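Contents: one structure, followed by commentary.
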Amino acid sequence: MKLHWGWGIGLLYGGFVAMIGVLVSLSINQKIDLVTEKYYDEEIQYQQKIDRINRTRALKTPAQWHLINRKLLVDFPGGLGKPTGTIHFYCPANSKNDRTITITDHHQIVDLENVPKGHYKLQISWKAGEQEYWNEGVVNRH
């Protein structure tokens, strides 16, 4: 039995409508996180961040970090004074996985056992003496 060409067009349009319906329902259920809830406040303070980055680039010995056995080792340069500030793990995929750790020493050891697996942007905001610094990097927790 051969179908009329009108049935083919109807099935094509019906399939298209069904596909669009599925895509709309998937997009409605997609979780979207902002980079930060305080977007406008941070935008105003962005010049201060640029100044911190430039001071960090001018250091002879920058802060360094290494991932060893589920621990993050962060070494801050000596001779600047005791570092204070925060180490922030920013997870672009899910803001619930973000973590912030307070800097306590020149050689900071961060245990990553409580940090869920995933891709993180490491954001280190620190101060030594009267100067503030900023480091960024990537940490992949497997």
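Here the sequence shown is numbered in our numbering, starting from 83 and rising by one per residue.
The C-beta atom is built at its ideal place from N, Cα and C for all residues, glycine as well.
Predicted, not measured: the structure shown is a model, and the values here were computed from it.
Simplified DSSP assignment, three categories, for residue i
i, result
"isoleucine 185", "coil"
"leucine 162", "coil"
"valine 197", "coil"
"glycine 219", "strand"
"leucine 94", "helix"
"lysine 178", "helix"
"leucine 204", "strand"
Close Cβ partners of residue i (< 7 Å) along its chain, the five nearest in sequence each way excluded
i, result
"threonine 118", "Glu124"
"asparagine 222", "His201"
"lysine 199", "Arg223 and His224"
"lysine 131", "Trp216"
"asparagine 179", "Cys173, Pro198 and Gly200"
"leucine 94", "none"
Check whether residue i and residue j have beta carbons under 8 Å apart
i, j, result
"valine 197", "valine 156", "no"
"isoleucine 183", "isoleucine 169", "yes"
C-alpha gap between residue i and residue j, whole angstroms
i, j, result
"valine 106", "isoleucine 126", "36 Å"
"lysine 153", "glutamine 146", "14 Å"
"glutamine 213", "glutamate 195", "32 Å"
"isoleucine 102", "aspartate 133", "48 Å"
"tryptophan 87", "phenylalanine 98", "17 Å"
"phenylalanine 171", "leucine 204", "5 Å"
"histidine 189", "histidine 148", "11 Å"
"glycine 90", "leucine 108", "27 Å"
"leucine 141", "isoleucine 206", "15 Å"
Cβ-based neighbour list, residue i, same chain, cut-off 6 Å, excluding 5 preceding and 5 following
i, result
"tryptophan 208", "Pro165, Gly167, Ile185 and Tyr215"
"aspartate 115", "Ser177"
"leucine 162", "Ala210 and Gly211"
"isoleucine 135", "Trp216"
Neighbourhood of residue i by C-beta, 8 Å cutoff - its chain only, sequence neighbours within 5 removed
i, result
"threonine 138", "Pro144, Ala145, Tyr215, Trp216 and Asn217"
Exercise. With a floor of 3 residues, list each beta strand (DSSP E) that falls wholly inside the segment 109-168, ordered by position along the chain.
Key: Listed in chain order, they are 146-150 and 153-157.
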